[in-house]
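Written out below as structure tokens is the structure these notes cover.
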Amino acid sequence: MKLYIFGERYRSPVFAAAWMAATILAAHLLEFLAPGRWLLPAAAGAGFWLLFVHPLRGGEYARAIRYALGWAGMMVLVQVTLTLLWPGAMEENVIRAAAYRDEMFHWIRTGEGPEGDIAQFLPVHIRHFAIFCLLSLTSGGLLGLMMGAVLLGYMNFYAGSLIAASAGSPVAILLAWQVWAVVRVTGYIVAGAALGGALLHQRNDIGAKKKTIIRWLTLALALIVADVALKWALAGVYQQALNGALGG
Numbered sequence: 240m241k242l243y244i245f246g247e248r249y250r251s252p253v254f255a256a257a258w259m260a261a262t263i264l265a266a267h268l269l270e271f272l273a274p275g276r277w278l279l280p281a282a283a284g285a286g287f288w289l290l291f292v293h294p295l296r297g298g299e300y301a302r303a304i305r306y307a308l309g310w311a312g313m314m315v316l317v318q319v320t321l322t323l324l325w326p327g328a329m330e331e332n333v334i335r336a337a338a339y340r341d342e343m344f345h346w347i348r349t350g351e352g353p354e355g356d357i358a359q360f361l362p363v364h365i366r367h368f369a370i371f372c373l374l375s376l377t378s379g380g381l382l383g384l385m386m387g388a389v390l391l392g393y394m395n396f397y398a399g400s401l402i403a404a405s406a407g408s409p410v411a412i413l414l415a416w417q418v419w420a421v422v423r424v425t426g427y428i429v430a431g432a433a434l435g436g437a438l439l440h441q442r443n444d445i446g447a448k449k450k451t452i453i454r455w456l457t458l459a460l461a462l463i464v465a466d467v468a469l470k471w472a473l474a475g476v477y478q479q480a481l482n483g484a485l486g487g
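The opening residue of the sequence shown carries number 240 in my numbering; numbering runs sequentially from there.
Given below as structure tokens:
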């Protein structure tokens with residue numbers, strides 16, 4: 240199978256952005272037209288991966304990370320917008336959409352739940368990150384992107400639902416995506432690029448390749464630790480602000 244289908248076009252930010260937008264929209268259209276909740280993350284992740292492999296193959300980790308951040312940002316914009324426009328369809332088609340929304344709304348209104356309790360959220364964070372790293376390492380990043388699309392899907396559905404429930408409150412718009420979640424997504428992306436490159440990066444100097452991957456993984460781990468620290472420190476502040484935005 241020929242994976243590297245774009246030649247040098249992948250270096251163009253305009254081409255990359257157009258490809259990401261087209262594949263994200265196509266993935267959502269496919270999900271709405273065909274049964275099966277796994278179609279959306281599978282199609283969105285695979286569509287982006289066809290672009291993602293190009294910079295990783297050449298060891299352009301920074302470019303791969305920039306593209307992945309752009310892809311994640313587009314997923315946020317598209318899925319939050321779709322949730323605002325067609326909440327029922329998104330709830331039906333996004334994995335864990337209603338469950339995560341209800342969990343987060345309960346936390347906002349009561350302060351109870353995993354979001355504000357490190358003893359509850361830390362084991363989940365560790366498990367998710369470990370699974371993501373294993374999937375990325377063994378698939379050249381493909382399965383990691385698909386898992387990332389699952390996580391983004393229900394987080395974006397919650398964000399859109401929060402904005403809708405607050406009647407477009409500026410506080411809800413600003414805080415729907417918590418700062419620690421942004422840091423976590425960035426950490427996942429850096430780790431996914433590093434571990435995907437372990438399989439895809441075509442370099443004869445194995446020692447230099449190993450050092451490069453370790454350097455990016457160190458950054459990823461630092462971001463994941465920062466995510467935990469920020470969540471532990473700021474969850475209560477966010478909960479009170481968002482409860483106010485919902486009229487609590």
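Every residue gets a Cβ at the ideal spot worked out from N, C-alpha and C, and that includes glycine.
| Check | Outcome |
| --- | --- |
| Can you name the start and end residues of the alpha helix (DSSP H) that tyrosine 249 belongs to? | Per DSSP, tyrosine 249 belongs to no alpha helix (DSSP H) and is neither H nor E. |
| When the Cα atoms are used, what is the spatial distance from methionine 400 to alanine 260? | Residue identity differs from the one stated: residue 400 is serine in this sequence, not methionine. About 23 Å. |
| When we look at the beta-carbon of glutamine 479 and count the other beta-carbons within 10 Å, is it buried (16 or more) or exposed? | exposed |
| Should aspartate 466 be labelled buried (16 or more other beta-carbon atoms within 10 Å of its own) or exposed? | buried |
| Please classify glutamate 330: does DSSP put it in a helix, a strand, or coil? | helix |
| Between leucine 308 and phenylalanine 245, which are expected to be in contact by the criterion C-beta below 8 Å, what is the C-beta distance as a whole number of angstroms? | Not quite, the Cβ-Cβ distance comes to about 19 Å (not below 8 Å), so this is no contact. |
| Would you mind working out which of Ile334, Val292, Arg423, Asn395 sits nearest lysine 470, comparing C-alpha positions? | Arg423 |
| Measure the Cβ-Cβ separation of methionine 385 and alanine 281 and say whether it is below 7 Å. | yes |
| Ignore the nearest five residues each way along the sequence and tell me which others in leucine 473's own chain have a CB closer than 8 Å to its CB. | Gln417, Val418, Trp419 |
| Near histidine 440, what residues of its chain come up, given a Cβ to Cβ distance below 7 Å and the 5 sequence neighbours on each side ignored? | Leu295, Arg296, Gly298, Lys448 |
| Taking 6 Å as the limit between beta carbons, can you name the residues of its chain near leucine 390, skipping five residues before and five after? | none |
| For leucine 268, count neighbouring C-beta atoms within 10 Å of its own C-beta (all shown protein chains included) and say buried if the count is 16 or more, exposed if not. | exposed |
| Classify isoleucine 445: buried if its beta carbon has 16 or more other beta carbons within 10 angstroms, exposed otherwise. | exposed |
| Are the beta-carbon atoms of alanine 283 and alanine 388 separated by less than 7 Å? | yes |
| At which residues does the alpha helix (DSSP H) containing arginine 454 begin and terminate? | 445-484 |
| Mind checking whether tyrosine 393 and tyrosine 306 have CB atoms under 7 Å apart? | no |
| Starting from the C-beta of isoleucine 452, find all residues in its chain whose C-beta is less than 7 Å away, skip the five residues before and the five after it, and write them out in chain order. | Ala433, Gly436, Ala437 |
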